[in-house]
Amino acid sequence: MCVLRPWCLEASRLRSRRQPVRPTAGTSRWFGNVTTQAYGGELGFNLQPGVRLYVEVGQVRNVATDELTTSAQTIATFLSQTQGPASFTARVPATFGVGGVQYLIATQSTKVQPYVMAGGGVAQVKKKVAFSVGGNDVTSTIQQFGVVLGTDLSGSEVKPMIDFGAGVAWSAWQRLVLDLQLRYGRIFAEDGGISVGRVGIGIGFRF
Numbered sequence: 097m098c099v100l101r102p103w104c105l106e107a108s109r110l111r112s113r114r115q116p117v118r119p120t121a122g123t124s125r126w127f128g129n130v131t132t133q134a135y136g137g138e139l140g141f142n143l144q145p146g147v148r149l150y151v152e153v154g155q156v157r158n159v160a161t162d163e164l165t166t167s168a169q170t171i172a173t174f175l176s177q178t179q180g181p182a183s184f185t186a187r188v189p190a191t192f193g194v195g196g197v198q199y200l201i202a203t204q205s206t207k208v209q210p211y212v213m214a215g216g217g218v219a220q221v222k223k224k225v226a227f228s229v230g231g232n233d234v235t236s237t238i239q240q241f242g243v244v245l246g247t248d249l250s251g252s253e254v255k256p257m258i259d260f261g262a263g264v265a266w267s268a269w270q271r272l273v274l275d276l277q278l279r280y281g282r283i284f285a286e287d288g289g290i291s292v293g294r295v296g297i298g299i300g301f302r303f
């Protein structure tokens, strides 16, 4: 079965242990959730009755957290105080590929199929934080203002990811399937784990 899945909700949390070299942004702690969008595609293959293998690739558009935003705001405030009006933008997309096993839950219905799933894979996280002073982008030359960006605000990494979830597939018409899912994933990023919760609906076709 092939499923195209425009996820409607993503919630992420990140605990970061590394801060910019100067100025510092305070101690590490857990911050609240971030809501964003994501999309992906999934393929499923029947392994045996009641068991299916799945492979999914997709992207979460932004897993930036309150902690990252607070760190960026601290630097923007420093620049405002020393260089004039300053601002920043922050976006942290995560591109992932995971695979695993779906266990189908037996029911009396021929149209509704609940299931649970578990798997793992890898995710690439890119930290895209930019700073402007007086309307001009100064990200690439920010060191001239006495600021060095730490790993919590710059760079990219590819790290392992685990994936768990549950869902219900409904046979809407012939080979057409509507698939509602609740998923939880965790990316083992260098500066701390990123937890991503997803709720979405997909449109699938049975082969």
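Numbering (our numbering), first residue to last: 97 to 303. Just so you know, even glycine gets a beta-carbon here, dropped at the ideal spot from N, CA and C.
Asked: What first and last residue would you give for the beta strand (DSSP E) that runs through Ala214?; Found: Val208 to Lys222
Asked: Between Ser183 and Gln220, which are expected to be in contact by the criterion C-beta below 8 angstroms, what is the C-beta distance as a whole number of angstroms?; Found: Incorrect: roughly 27 angstroms between the Cβ atoms, too far for contact.
Asked: What do you reckon, are the CB atoms on Gly281 and Ile258 nearer than 8 angstroms?; Found: yes
Asked: If you measure between the beta carbons of Val225 and Ala168, is that distance less than 8 angstroms?; Found: yes
Asked: At which residues does the alpha helix (DSSP H) containing Leu175 begin and terminate?; Found: Asp162 to Gln179
Asked: Can you pull the DSSP bridge partners for Arg157?; Found: Arg157 pairs with nothing; no bridge assigned.
Asked: Are there 16 or more other CB atoms within 10 angstroms of the CB of Asn142, so buried, or fewer, so exposed?; Found: exposed
Asked: Which residues in the same chain as Thr178 place their Cβ atom closer than 7 angstroms to its Cβ, once the five residues preceding and following it in sequence are excluded?; Found: Phe241
Asked: Contact criterion: CB-CB distance below 8 angstroms. Does Gly293 meet it with respect to chain B?; Found: In the structure shown, chain B cannot be found, because there is only a single protein chain.
Asked: Can you check which of these residues, Arg302, Arg157 and Val197, is closest to Trp269 by C-alpha distance?; Found: Arg302
Asked: From Gly140 to Ser291, what does the alpha carbon distance come to, in whole angstroms?; Found: 24 angstroms
Asked: Going along the chain, which residues of its own chain have a beta-carbon closer than 8 angstroms to the beta-carbon of Thr206, five neighbours each way excluded?; Found: Ser267
Asked: Could you give the first and the last residue of the continuous beta strand (DSSP E) run that contains Ala268?; Found: Ser252 to Trp269
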